[in-house]
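Position one of the sequence shown corresponds to residue 16 (this note's numbering), numbered consecutively onward.
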Amino acid sequence: MAHDHDHANCDHHHDHEHDPGAPQLTAVVEELGPCKKLLKVEVPKGEVQKEIDNRLQHVRRNAHLKGFRRGKAPLSYIKKIYGQAVREDARDHLLRQTYMQALERELGLERVLGEGTIENVDFSPESGLKFEVTLHTKPEFEMPEYKGIEVKVGTLEVEESELERAIDQLRRTKGEMVEVTDPEAVVEGEDRLTVDVQVWLSDEYERFAQRQEEGSEEDEEEEEGELAPLKEEFGLKVQLPLDYLGSYSVTDLADSLAGLKVGEWGECETELPPDYEVVEGRGEPAVLRIRVMRIERLALPELTEEWAKEAGFNSLQHLRSELREDLLQQKELIRNRQIEELVLAKLREAVGDFDLPADILEKEIEQSERRRAFELRIREGKSEQEAEEVVAGERDEIRAEVERMLRDFFLLEEIVRREELSVSDADVQSRIVRLAQARGQDPESLREELERRGVLDQVRHDLLDERARAFLRENAQVVESEDL
Numbered sequence: 016m017a018h019d020h021d022h023a024n025c026d027h028h029h030d031h032e033h034d035p036g037a038p039q040l041t042a043v044v045e046e047l048g049p050c051k052k053l054l055k056v057e058v059p060k061g062e063v064q065k066e067i068d069n070r071l072q073h074v075r076r077n078a079h080l081k082g083f084r085r086g087k088a089p090l091s092y093i094k095k096i097y098g099q100a101v102r103e104d105a106r107d108h109l110l111r112q113t114y115m116q117a118l119e120r121e122l123g124l125e126r127v128l129g130e131g132t133i134e135n136v137d138f139s140p141e142s143g144l145k146f147e148v149t150l151h152t153k154p155e156f157e158m159p160e161y162k163g164i165e166v167k168v169g170t171l172e173v174e175e176s177e178l179e180r181a182i183d184q185l186r187r188t189k190g191e192m193v194e195v196t197d198p199e200a201v202v203e204g205e206d207r208l209t210v211d212v213q214v215w216l217s218d219e220y221e222r223f224a225q226r227q228e229e230g231s232e233e234d235e236e237e238e239e240g241e242l243a244p245l246k247e248e249f250g251l252k253v254q255l256p257l258d259y260l261g262s263y264s265v266t267d268l269a270d271s272l273a274g275l276k277v278g279e280w281g282e283c284e285t286e287l288p289p290d291y292e293v294v295e296g297r298g299e300p301a302v303l304r305i306r307v308m309r310i311e312r313l314a315l316p317e318l319t320e321e322w323a324k325e326a327g328f329n330s331l332q333h334l335r336s337e338l339r340e341d342l343l344q345q346k347e348l349i350r351n352r353q354i355e356e357l358v359l360a361k362l363r364e365a366v367g368d369f370d371l372p373a374d375i376l377e378k379e380i381e382q383s384e385r386r387r388a389f390e391l392r393i394r395e396g397k398s399e400q401e402a403e404e405v406v407a408g409e410r411d412e413i414r415a416e417v418e419r420m421l422r423d424f425f426l427l428e429e430i431v432r433r434e435e436l437s438v439s440d441a442d443v444q445s446r447i448v449r450l451a452q453a454r455g456q457d458p459e460s461l462r463e464e465l466e467r468r469g470v471l472d473q474v475r476h477d478l479l480d481e482r483a484r485a486f487l488r489e490n491a492q493v494v495e496s497e498d499l
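Structure follows, in structure tokens:
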């Protein structure tokens, strides 16, 4: 299906028929680059004088002037007092009116992106009104047939192993931490431990370990001699597999403690912080000698009919069928997204590359690069310089991804226009309520926050985007294949 263009890509100059109430004007559109136009507008002096005269007469009729009855002051007197203000009002009104008029005639309001920049304004009763506007316009492309696009996806089914994992997960949420009393039990991956810790400077610990090897376990206290830990801490809590041990930064805690029984010692290396409370240890490499004092483990409830009822189900069979249905719905949501992406990819391929508004593209790329650098600093702990180096290496991929997103945006917007898809105020409010519930916020205060930040329109755009994607999916030819 071809995309009908109302406008050619060459410069054009129009002197239109106009409705009797609208000012006469002439307009020229010049190309400044991909999706960027210069609109030049001229309004003849007669129109300017008419606008000024109308406004002067309005002031004359309504102004209360000392020494004159209302509406009887000489026009020359009105001009003297109000002339400058009237001219400015006339200019502002004509600018707004003729800008919108020229825009609608020459380009069509629906083709323009954002607000234009009005420049080079020349206004006087003697020469008329002239101004220029730099505008970004939507890309032009030929839209192929977008209904009935064929895509292949995997079949929708829940494996028995997936169901067992979901049941296990449910049992875990209902489980309790209990102390492991078997003396032969060893530390495992997700245990909660109570430990005592000795903090040793690394070189001191080497000597201590050597003495331990040479001496016997029973003589440990005497063998230590003058060697002693920098600090001892008792009763610290450890939740494996997390590497947190009080205030100490440790990277291999879980590995160091795995396999130990209650009463046994493990060790791991660390570097003490520069503000460590024991002065001689500040910034020094150290060894944490850790003794397991207590092991607690998650005890899962038995999978019985009684437990199923306690968990809110009629029976074990009911629990299994409900969880299977939940998993199926989750998979369907994921597959719906997959279908939408596959259809969009095929549509994008059929349309091919088309020019994008350069300024908008560069702005989006800059924002994406900033977000990526922020993510690298916050999530991966990279320095500003390291983050910048990574972003520099990913610049081509970031640009390609932003171009793809923008092309998708314009393709979906065209589908919204052609299919007359819409979003009501009630739809927007419903989405705000859902967002508020997810954040644990009051819907009205969230709405006010979105309005204050100027992003309420974004909610509407997101919903329209979803409608267009759903339209493509619902009108696609979906072929299921067990091989996928």
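Beta carbons: idealized from backbone N, C-alpha and C, even for Gly.
Here the structure is a predicted model, which means the values were calculated and not measured.
Taking a cut-off of 8 angstroms on C-beta distances, the segment 271-280 touches the segment 306-316, as three or more cross pairs fall below it.
Sequence-distant partners of Thr152 (beyond 5 residues in either direction) whose C-beta falls short of 7 angstroms from its own C-beta, in its chain, are Cys50, Lys52, Leu122, Arg126, Val127 and Leu128. In the DSSP assignment, Ser262 falls outside any beta strand (DSSP E) and carries neither an H nor an E. Counted as a single uninterrupted DSSP element, the alpha helix (DSSP H) harbouring Asp472 occupies residues Leu471 to Glu489.
Within the segment 180-230, the runs of alpha helix (DSSP H) at least 4 residues long that lie entirely inside it are, in chain order, 217-229. Three or more beta-carbon pairs separated by less than 8 angstroms are not found between the segment 212-230 and the segment 182-192, which leaves the two stretches without contact.
Taking C-beta separations shorter than 7 angstroms and ignoring five residues to either side along the sequence, the partners of Leu40 in its chain run Val56, Glu57, Val58, Thr113, Gln116 and Ala117, following chain order. DSSP places Ala451 in no beta strand (DSSP E) but in the uninterrupted alpha helix (DSSP H) bounded by Asp440 to Arg454. Checking the DSSP bridge columns, you'll see Cys283 partnered with Leu303. Residues of the same chain with a CB within less than 8 angstroms of the CB of Glu147, apart from the 5 flanking positions on each side, are Leu53, Leu54, Lys55, Val56, Ile133, Glu134 and Asn135 in chain order. By the CB criterion at 7 angstroms, Val265 and Thr285 fall inside the cutoff.
Around Glu282, the same chain offers Ser271, Val302, Leu303, Arg304 and Ile305 as residues with beta carbons nearer than 7 angstroms, after the five sequence neighbours per side are excluded. In this structure, the CA atom of His108 is about 33 angstroms from the CA atom of Val438. DSSP, reduced to helix, strand and coil, places Gly129 within a strand of the structure shown. Closest option to Glu46, judged by alpha-carbon separation, among Pro372, Glu320 and Arg120: Pro372.
Counting only the Cα atoms, Pro256 lies some 46 angstroms from Glu165.
Taken through DSSP and simplified to helix, strand or coil, Arg312 comes out as strand. Counting C-beta pairs with one atom in each stretch, the segment 58-69 and the segment 137-147 have three or more that are closer than 8 angstroms, which means they touch. By the C-beta density criterion, Ala388 is buried, having at least 16 other C-beta atoms within 10 angstroms. Residue environment for Glu340: exposed (fewer than 16 other C-beta atoms within 10 angstroms of its C-beta). Ser496: not part of any alpha helix (DSSP H); member of the beta strand (DSSP E) spanning Gln492 to Ser496, first to last residue. With 16 or more neighbouring CB atoms inside 10 Å of its own CB, Pro244 falls in the buried class. Annotation for Arg363: Arg419, Arg422, Asp423 and Leu426 place their beta carbon closer than 8 angstroms to its own, counting only its chain and skipping 5 residues before and after.
The segment 430-449 makes contact with the segment 464-474: 3 or more CB pairs, one atom from each, lie closer than 8 angstroms. Short of 7 angstroms from the beta carbon of Glu205, and not among the five residues preceding or following it, lie these beta carbons of its own chain, in chain order: Leu255, Pro256 and Leu313.
Distances from the CA of Leu357 to each of Ala491, Ala407, Glu401 and Arg482 were compared; the closest alpha carbon is that of Ala491. Under the 10 Å beta carbon count, Phe486 is surrounded by 16 or more other beta carbons and is classified as buried. Under a 10 Å Cβ-count criterion, Ile430 is classified as buried, with 16 or more other Cβ atoms of the shown protein chains found around its own Cβ. Per DSSP, the unbroken alpha helix (DSSP H) holding Glu463 starts and ends at Pro458 to Arg467. Looking from the CA of Gly131, the closest CA among Leu331, Met158, Leu150 and Arg120 belongs to Leu150. For Gly327, there is no enclosing beta strand (DSSP E), as DSSP marks it with neither H nor E. Assignment of beta-bridge partners to Gly143 by DSSP yields Ser139. Burial state of Leu124 is exposed, judged by a 10 Å Cβ sphere holding fewer than 16 other Cβ atoms.
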